[in-house]
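Residue numbers (the UniProt record's numbering), protein chains in the order written: chain A, 1 to 410; chain B, 1 to 410.
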């Protein structure tokens, strides 16, 4: 069903930076965004039409959201699929992507199985509930392996490579409710933002992602890999859409590695490459922020178009683009977020700065990003990093004002 | 003075479409916009942080705005320079552009004199207060001439070509407080968005503007004229900045005509051209909306940068761009604004749609625009017009809900 534009309202569970950039992109279309988020004055609030302050799984609040919205969506995996499903039925409002897709993605074991069943290449994996399962997994998947909590992890939290049952116990405490995956010896991490609209799909150009401490630092677009790998990545992302229900924007994180089929002894760039899906996000993704300046349609405008059943926009890349995250230090003390240095980077040509409006610095928290558009990707990466590295958070003197306990993903 | 970014608040008098697009562009910078506007839920409201509902010249409201803002500006010429000036002094808040600049621009005679004094080429003009002045003006400026009310006109209202005192009386009633200008036999209407920041200036690429019934319909960028004319236009726009005080974004409307110096009998494209300033707007301008998709920095982000004293952004054109206004019909009855046809144009490649969130259709009111980015300007103009012409406002059945008497300019 196509919603009325201009004039539609999207109710979104979650009001972090994704909700904020969504609201910024929805406004020109005449689409109002109402965000449900427990943090008063959450990042989405200035550009969004309104906020409902409530926990993500507060059914009364989700009802309130449904009453005000033409369609419901979520920009955070902590959204409650049961609440969305029951409220959607009561109010005859569609939820996109579907609550079932959210359930699938919330459980990494279920996610892997759904992807594998759809013919999507994923790392070999095994369910782990207890030490016997883990021992068996070392036998079948190799040592070390990647152990992931099935639910609740993000930005690398809840994931760790482990080489023994003892190490796993030390890292996680218990060993129930995990999925073990082969540890992929990848050459690059890639991602594709894949979109399903009303009877059509689209993919954005392939990003190459640089992680540190399992947190995304930079995305380089187009990915500095072969055309063949980029084509594979796009094809895999399209296949991922086949495993998931509902309209929306999906972040498809990929590993690029030398193919296990490549047994002819070639080396270097001539070796055959394959891509495997690492994880799926059922929402716009940090590695797609480059699309705001880099593509004719941003992932956030595309999100609005998709959930409202409108025609999808043109995902063509306008020019090579690099995005660098503005993160708090790994050892940052929680304090009010006051960023210095921004005026000094704003005279960099073709640079855009994005602030998320978060009140507090917390260790490794994502608080903004910079994007540079241009030609040479290595040069763009240097410039984006230099600009980002010229920014710093003031040391705190006051006590923090934001309620504790709310984290946003991306 | 450079304001703190992220974290600054701009108080803007006026909350029409310019305030809305300003708020959309300010949000990524972490800049909050508070708009003062008499219309509840004015167009700026969804993306802006807040609105003060009050008349533009309500001093208590302007005080309230000043208390909440790090800098004051205005997106409408109906702002009150006296109120801004006195409040700014009381609260030690800067106003950009200065209230004096607003005064200069509010009075077309004063504006013409200030431009002429600064060496800016303007049409020949005379003050007209009464029929004797007008008769003298016909002698000195020729017949017909362009008669403009010194204050209060916009979008062609308050301006008319007249060929006799009788015709002028019929058009305007009285003849006091006018400026008469030579009727310029122009080949094209051009415009340049000129920007003054903190000790630096910038100009955007020259737009070619198509008007009908004195209302802008389309802008084509770069203007389809000679490189030499575009250079002249940019130089004149820079000179205009010299006649005005304060930081900000200025819409410089220009006429291109065959030069009066060209007496050698050349014809067609080989004739020497000159540009004359028609009018100045002390704010972002309708003919600069193309910059949102067309340039690395939009006029609205530039506006935020300028008034906050931040470095100006890169005004380079990314690709040829055409903008077409979505206007109500000339004979439109006032009714709720419900636009049909938008989904049907959203699959046009490289097209962007902008809705202003106005509640009511009124005759020739600007309610949105479409922008198409690409290569061939003639083709882009066709496509932008076709897309715009596919949109139509529903016939009204309900009574209008928006308070009467508020008009927004651009």
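Where a beta carbon is used, it is the ideal one built from N, C-alpha and C, also for glycine. This structure is a prediction, so every number in the text was calculated from the model and none was measured.
Below-9 Å beta-carbon distance, residue i vs any chain A residue
i             : result
residue 71/B  : no
residue 2/B   : yes
residue 334/B : no
residue 101/B : no
residue 406/B : Confidence at residue 406/B is low in this model, with a pLDDT of 43, below 50, so its placement is unreliable and no value can be given for it.
residue 20/B  : yes
residue 410/B : Only weak support exists for where residue 410/B lies, its pLDDT of 44 falling under 50; the value from the coordinates is given anyway. No, its Cβ sits nowhere closer than 9 Å to a Cβ of chain A.
residue 98/B  : no
Under 9 Å from the C-beta of residue i: neighbouring residues of chain B
i             : result
residue 296/A : 293, 349, 350, 351, 352, 373
residue 346/A : 5, 29, 305, 310, 311, 312, 313
Chain B contact for residue i (CB, 9 Å cutoff)
i             : result
residue 389/A : no
residue 24/A  : yes
residue 319/A : yes
residue 343/A : yes
residue 323/A : no
residue 248/A : no
residue 368/A : yes
residue 151/A : no
residue 316/A : yes
Beta-carbon gap between residue i and residue j smaller than 9 Å
i             : j             : result
residue 303/A : residue 16/A  : no
residue 293/B : residue 7/A   : no
residue 194/B : residue 255/B : no
residue 179/B : residue 191/B : no
residue 208/B : residue 196/B : no
residue 84/A  : residue 34/A  : no
residue 283/A : residue 18/A  : yes
residue 276/A : residue 322/A : no
residue 413/A : residue 140/A : Summary: the structure shown does not reach residue 413/A, with chain A confined to residues 1 through 410, and so no result is reported for it.
residue 352/B : residue 373/B : yes
residue 235/B : residue 252/B : no
residue 189/A : residue 278/A : yes
residue 31/A  : residue 9/A   : yes
residue 159/B : residue 149/B : yes
residue 3/B   : residue 70/B  : yes
residue 109/B : residue 127/B : yes
residue 315/B : residue 290/B : no
residue 364/A : residue 317/A : no
residue 361/A : residue 345/A : no
Which listed residue (the options) has its alpha carbon closest to that of residue i
i             : options                    : result
residue 210/A : 221/A, 201/A, 74/A, 45/A   : 221/A
residue 329/A : 215/A, 380/A, 223/A, 323/A : 215/A
residue 181/B : 188/B, 170/B, 169/B, 146/B : 146/B
residue 101/A : 248/A, 361/A, 359/A, 317/A : 248/A
residue 61/A  : 73/A, 77/A, 37/A, 74/A     : 37/A
residue 78/A  : 14/A, 159/A, 136/A, 392/A  : 14/A
residue 76/B  : 114/B, 310/B, 97/B, 128/B  : 97/B
residue 29/A  : 5/A, 89/A, 111/A, 46/A     : 5/A
residue 347/B : 301/A, 114/A, 347/A, 80/A  : 301/A
residue 122/B : 111/B, 316/B, 203/B        : 111/B
residue 307/A : 258/A, 95/A, 39/A          : 95/A
residue 119/B : 243/B, 315/B, 280/B        : 243/B
residue 103/B : 280/B, 228/B, 172/B, 271/B : 280/B
residue 332/B : 394/B, 369/B, 312/B        : 394/B
residue 166/A : 184/A, 153/A, 157/A, 144/A : 144/A
residue 114/A : 383/A, 350/A, 153/A, 245/A : 245/A
residue 258/A : 240/A, 229/A, 241/A        : 229/A
Contact set between residue i and chain A, taken where Cβ atoms lie within less than 7 Å
i             : result
residue 339/B : 6
Contact set between residue i and chain B, taken where Cβ atoms lie within less than 8 Å
i            : result
residue 32/A : 46
Neighbouring residues, chain B, relative to residue i (Cβ below 7 Å)
i             : result
residue 357/A : 30
Closer than 8 Å: residue i CB and nearest the ligand ZN heavy atom
i             : result
residue 222/B : In the structure on display, the ligand ZN does not appear, and there are no ligands present to speak of.
9 Å Cβ cutoff, residue i in contact with chain D
i             : result
residue 103/B : Given the protein chain composition of this structure (A and B), no chain D is represented.
Quick one: which residues of the segment 39-51 of chain A get their C-beta closer than 7 Å to a C-beta of chain B? List them in chain order. Taking 7 Å as the Cβ-Cβ cut-off against chain B, the residues of the segment 39-51 of chain A that qualify are 46, 47, 49.
Closer than 8 Å, Cβ to Cβ, to anything on chain A: give me those residues from the segment 192-209 of chain B, in chain order. Going along the segment 192-209 of chain B in chain order, one finds no residue with a Cβ nearer than 8 Å to chain A.
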